[in-house]
Structure formats: C-alpha cells, structure tokens
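Asker: Structure provided below as structure tokens; questions to follow.
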Amino acid sequence: MAGKSGRSINNVPESSVKRMIFSWEGILVLIFIAVNIFCAMFSEFYNISSLLRQMPVYLAEVFLMLPMAYILVLGEIDISVGSSVCLSATMCCIVCNMNAPFIVVVLTGLAVGTVCGAINGLILTKFTELPPMIVTLATQIIFRGIAEIILGSGGSITMSNLDGFTAIAGKVGQVPYILFLVVILAVIFALVLGKSTFGRRVYAIGTNRLTAYYSGIHVQKIRMIIYTVMGTVSGLCAIFLLSSSFGANTTTGNGFEMDAIAMAVFGGISSTGGKGNIAGGVIAAFIIVCLRVGLGQQNVHAQVILLIIGALLIAAVALPNIIGQVRRTVKSK
C-alpha cells in the first residue's frame, strides 16, 4: 500500500523461514552440514558409526557449555570448571576404590562439584566488587591444587571397580547413553532460559544489572543458583569422563573451561551478556565435536585442531560485526 507521502509501505512481515535461515542458528546448521561433508571427504573412516563410537570422549564437555551459557548471558565468566571436574573425578576415584556402591560414587562427584560451584557463587555474591574472572581464576588454582595434594605432583589414580562406569558408558544400538542425556539436558536448559521467568530474569541481569535490581529481581540469588548449577554439572561431567578414562590425574579437565566458553560464544551467546540462546550453543558444540572426531581420525595434531577451533571462534565473534558494517554501508549509499 502507499502512504500519504507517496512511498510504498510494506506491511507484510518477513517470512519466518527466511528469518530462520539467515539467523545465526541457521548459519550454524549450514556450517554443521559443511563440516560433516568436509570430514567425510578428509577421512575415509568418518561415518555415522565411527562418529557415534568416538563421540562420548568429547560429549562430556558439552555438559559444561549448558550452564556456561547462563553465566555468559549474565555477562560473567567461570574459568574454574576444568579444575572442578578434576577435583570431582579425583574424589570419585578415591570413593570408588573404597568399594563404595556406585550411587555413592556418583553422589560424591555431584556433591564435590556442587560445593566448588557454591564456593564461587558465595564469594561473588558476598563480595560483589570482585570480578568473576579473578575469583574463578583463584578457585581454579585452589581446586586443582587440592587435587594435586591428594594425588601428588603429576600423580594419577585408577579405579578398581569399573562396573557402574561401564554401565553408563553403554549404548542403545549405536547411540551412547551420554548423547541422550546431553539432548535431554539441552532441552531443559533451553526451555528454562528461553521460556521461563527465571530465564527472562537472567537476560535482564545480563542486559543491565542495576536496572534488574531496581526492578525487583533478586540478582545475587540468581547468580548464586547459576554458579552452583555450574558446579553440579562439572561433577556430572567428571562422572561421564571417568566412564571413558577410568581414572584421573592432575591434568584431568585441563582446558575444559575454554572449550565450554568457545562452544557457547561460537553458538552466538554474547560474552558481554544479555544475548544468545542454548540452541546455537548446542549446534556449535556438535560442530566442534564432529571436527575433533574427523580430524582426529587422520591423526591431525591436537594443537592444529585447537587452531582451527580458535579461527572459527574469531570468525563467530567478527562475522556479525562485519555483516552489520556491510548493511550500514549499503544503506548509506
């Protein structure tokens, strides 16, 4: 229709399909397809069967991405999660070697991780002037230091009873149990963040913490909950990590925090807070997992794989800015 000015006014909303395709999640799906085509061409051994067989080794880290997304949406960061995994795995092994029932071993791992997360949350909510980067850097050193004291410098521990861990490493057909759990948790975390009042409050805090506070949102309570959940999921990660490694050492969980952050940021979750969703993080996580499996099958050095993931991360951060700049340039002409 035409307005009084004579200009044409388009009142037809943009197609939802078009919006979906050109959204960051839509682009990630295309990247996921491209990565799988590349891996299949690069490695003759890459197929669904080999992917499902090797996937559990990397899926434990995907657990960490889920609560890390919440922390990033808050506009904060937690770099202690790898050390929390290390300490949780170490304590699981010790309790397991005391011939404790498997359920006690699992509860030990979850409890240790939860305590680690609660310590982070308690410090950050009681001393609000302290930056999360510095606090979690300190607890990263402390948690791994405790594990090193227990294991000895460069030490390791192996579990004597593997029955329970062998069971959770099982499969339904070719699909590992851990994949089902990752999908279930991803759906739960996505629904809570995207559809619940709690999730809307998390976004509000990440967008403007002071405004959220004066709007009646219990900012410190929500921060405490999220950091504690981060710790609990770190314990869960440790349990499933043990189902493939059957032991722990002082380097267990090294770099897991960076992987979780990379998955989330690559998935479109803003490190400055207030933006992003779990769906993008999950797609990005599986892109990284597929890359690691495909390149690993051809014995590509782990550092080269890290370089590729780092390049993808830089591209993920830079691309929206480049697209925005191009759009502004086109509009100004």
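Counting from 386, one number per residue, gives the positions in the sequence shown under the numbering used here. Note that CB positions come from ideal geometry on N, CA and C, so glycine has one too.
State the Cα-Cα distance for the pair Ser629 and Ile573, rounded to the nearest angstrom.
Answerer: Taking the sequence shown and counting its residues from 1, the one referred to as residue 629 is at position 244. Taking the sequence shown and counting its residues from 1, the one referred to as residue 573 is at position 188. Rounded to the nearest angstrom, the two C-alpha atoms are 25 Å apart.
Asker: Which value, in whole angstroms, describes the spacing of the CA atoms of Ser581 and Val618?
Answerer: Taking the sequence shown and counting its residues from 1, the one referred to as residue 581 is at position 196. Taking the sequence shown and counting its residues from 1, the one referred to as residue 618 is at position 233. CA-to-CA, the gap between Ser581 and Val618 works out to about 20 Å.
Asker: Let me confirm a value: Gly695 is counted as buried when at least 16 other C-beta atoms fall within 10 Å, else exposed. Which label applies?
Answerer: As a working mapping, residue 695 is identified with position 310 in the sequence shown. Per the 10 Å Cβ criterion, exposed.
Asker: How would you write the range of the alpha helix (DSSP H) that Ile433 sits in, first residue to last?
Answerer: If you number the sequence shown from 1, residue 433 lands on position 48. First-last of the alpha helix (DSSP H) with Ile433: 433-439.
Asker: Just to confirm my understanding: we take Met615, look at its own chain, exclude 5 residues before and 5 after, and list those with CB closer than 6 Å. What are they?
Answerer: The residue given as residue 615 occupies position 230 in the sequence shown. For Met615, where only same-chain residues beyond five positions count, the Cβ hits under 6 Å are Pro452, Asp463, Gly502.
Asker: Who are the near neighbours of Thr613 in its chain, counting only those whose CB is closer than 7 Å to its CB and skipping five residues on each side?
Answerer: Position 228 of the sequence shown holds residue 613. So the list reads Thr499, Gly502, Ala503, Gly506, once near-sequence residues are dropped.
Asker: Rounding to the nearest angstrom, what Cα-Cα distance links Ile739 and Ser473 in this structure?
Answerer: Since the displayed the chain opens at 386 and closes at 718, residue 739 lies outside it and no answer follows.
Asker: Grouping DSSP H, G and I as helix and E and B as strand, with all else coil, what is Lys660?
Answerer: The count along the sequence shown starts at 1 and reaches residue 660 at position 275. Coil at Lys660, not helix or strand.
Asker: Find out if the Cβ-Cβ distance for the pair Thr635, Glu533 is shorter than 7 Å.
Answerer: One-based indexing of the sequence shown puts residue 635 at position 250. One-based indexing of the sequence shown puts residue 533 at position 148. It is a contact, given that the beta carbons lie within the stated cut-off.
Asker: Comparing alpha-carbon positions, which option in Asn546, His603, Val497 lies nearest Thr510?
Answerer: The residue given as residue 510 occupies position 125 in the sequence shown. It is His603 whose Cα lies nearest to the Cα of Thr510.
Asker: Quick check on the DSSP output: what are the complete alpha helix (DSSP H) runs of length 4 or more inside the region 591-652, in order along the chain?
Answerer: 594-599, 604-630, 641-651
Asker: Does the beta-carbon distance from Val667 to Ala571 come in below 7 Å?
Answerer: In the sequence shown, residue 667 corresponds to position 282, counting from 1. In the sequence shown, residue 571 corresponds to position 186, counting from 1. Yes; because the gap between Cβ atoms is below 7 Å, this pair is in contact.
Asker: With distances taken Cα to Cα, identify the nearest neighbour of Leu536 among Gly632, Thr596, Ile519.
Answerer: The residue you call residue 536 lines up with position 151 of the sequence shown. If we check each option's Cα against that of Leu536, Gly632 comes out closest.
Asker: Taking 8 Å as the threshold, find out whether the region 411-428 comes into contact with the region 652-669 through three or more Cβ pairs.
Answerer: The region 411-428, when compared against the region 652-669, does touch it at the 8 Å Cβ threshold.
Asker: Is it the case that the Cβ atoms of Phe625 and Ala496 are separated by a distance below 7 Å?
Answerer: Taking the sequence shown and counting its residues from 1, the one referred to as residue 625 is at position 240. Taking the sequence shown and counting its residues from 1, the one referred to as residue 496 is at position 111. Not closer than 7 Å, so no.
Asker: Counting C-beta neighbours from all protein chains within 10 Å, is the total for Phe583 16 or more, i.e. buried, or is it exposed?
Answerer: Here the question's residue 583 lines up with position 198 in the sequence shown. Answer is exposed; the Cβ neighbour count stays below 16.
Asker: Just the C-alpha distance for Met440 and Asp548, rounded to the nearest angstrom, thanks.
Answerer: As a working note, residue 440 is residue 55 in the sequence shown. As a working note, residue 548 is residue 163 in the sequence shown. The alpha-carbon atoms of Met440 and Asp548 are separated by roughly 21 Å.
Asker: Is DSSP giving Glu399 helix, strand or coil here?
Answerer: Position 14 of the sequence shown holds residue 399. In this prediction, Glu399 has a pLDDT of 49, which is less than 50 and means its spatial position is unreliable; nothing more can be read from the coordinates.
Asker: Does the distance from the CB of Glu642 to the CB of Val466 come in under 7 Å?
Answerer: What you label residue 642 is simply residue 257 of the sequence shown in a count that begins at 1. What you label residue 466 is simply residue 81 of the sequence shown in a count that begins at 1. Their beta carbons are under 7 Å apart, which means Glu642 touches Val466 by this criterion.
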